[in-house]
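Numbering (the working numbering), first residue to last: 1 to 286. Glycine included, every Cβ here is placed at the ideal spot set by N, Cα and C. All values reported here derive from a predicted model rather than from experimental measurement.
Below you can see the structure in the form of structure tokens.
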């Protein structure tokens, strides 16, 4: 019985090694060629044409993605760091990337919220945003003020910041909600006094002749959990109001929204997202 099992294991192992070899090395008769730019990238030129990209499958001349050094992940006691291609909005030192807002302060390498908006000097459209925030512990203020802040994307739509670990509030106003529009898929809020992370992928709206042709969309993770998945953004986010697109802007500043509560922030960075560069322009039909 053991001998039979050993034979089966050897056969399975041999098959696995054969598959690995096929993946790692070209099949017999397949001609490997190298990219025309002299970078020595191997590939094939006898493969099918991908209609969605305009390149051959495994084409050595297809542009390779740029190398980006990822940042370090933060811990309870130490903020993370930004990737190499990010615009660092707050690094624990100063507010040089932001418009003046005297009520907001830098204290002990942390950004402490005051009242009113803190807005970036630069405008952004499609982007990936990372920030870390902390609600005061013990809580400060009335129920609806506790941990209350927000991330205003493009001056248009607010992603809510709130102490939602135990506090009860209307669903489209709790932490990670697209305020006054869409609640998060789950409540991933940690206790007040613990650091929270938001990772937001924002796709800006598109307009033609002043008319909306593509709404904004957001995908978001709160403390590593998916809370919005390609969610349509229906416009602005007024309190007790109904969303609409008030203008045809496709870029705008990023703002933090102070609401009578000293929420603290660290490690804020943003990556503007450009269109993919590994697609060939569509060719006109003959």
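Consult DSSP for residue i and reduce its assignment to one of helix, strand or coil.
i: residue 145; result: helix
i: residue 216; result: strand
i: residue 173; result: helix
i: residue 107; result: strand
i: residue 199; result: strand
i: residue 268; result: strand
i: residue 230; result: strand
i: residue 95; result: coil
i: residue 42; result: strand
i: residue 162; result: coil
i: residue 21; result: Only weak support is given to the placement of residue 21: the predicted model assigns it a pLDDT of 40, under 50, and the question is left unresolved by the model.
i: residue 34; result: strand
i: residue 182; result: strand
i: residue 132; result: strand
i: residue 72; result: coil
Roughly how far, in whole angstroms, is the beta-carbon of residue i from the beta-carbon of residue j, given that I think they are within contact range, below 8 Å?
i: residue 101; j: residue 263; result: With 8 Å as the limit, residue 101 and residue 263 do not qualify as a contact, their Cβ atoms being about 14 Å apart.
i: residue 255; j: residue 118; result: 6 Å
i: residue 228; j: residue 148; result: No, residue 228 and residue 148 are not in contact; Cβ-Cβ is about 20 Å, not under 8 Å.
i: residue 261; j: residue 145; result: 5 Å
i: residue 253; j: residue 232; result: Between residue 232 and residue 253 the Cβ distance is about 22 Å, and since that is not below 8 Å, they are no contact.
i: residue 160; j: residue 150; result: 5 Å
i: residue 372; j: residue 189; result: Look at the range of the chain in this structure, 1 to 286, and you will see that residue 372 is not part of it.
Which residue or residues does DSSP assign as beta-bridge partners of residue i?
i: residue 255; result: 119 and 152
i: residue 294; result: This structure cannot speak to residue 294, because the chain is shown only from 1 to 286.
At least 3 beta-carbon pairs within less than 8 Å: the segment 83–90 vs the segment 40–47: no
At least three beta-carbon pairs within less than 8 Å, the segment 264–280 to the segment 224–244: no
Meets three-Cβ-pair contact criterion under 8 Å: the segment 65–77 and the segment 185–200: yes
Three-pair Cβ contact test at 8 Å for the segment 242–252 versus the segment 203–211: yes
Stretch pair the segment 210–220 + the segment 91–100: three plus CB contacts closer than 8 Å: No, the segment 210–220 does not touch the segment 91–100.
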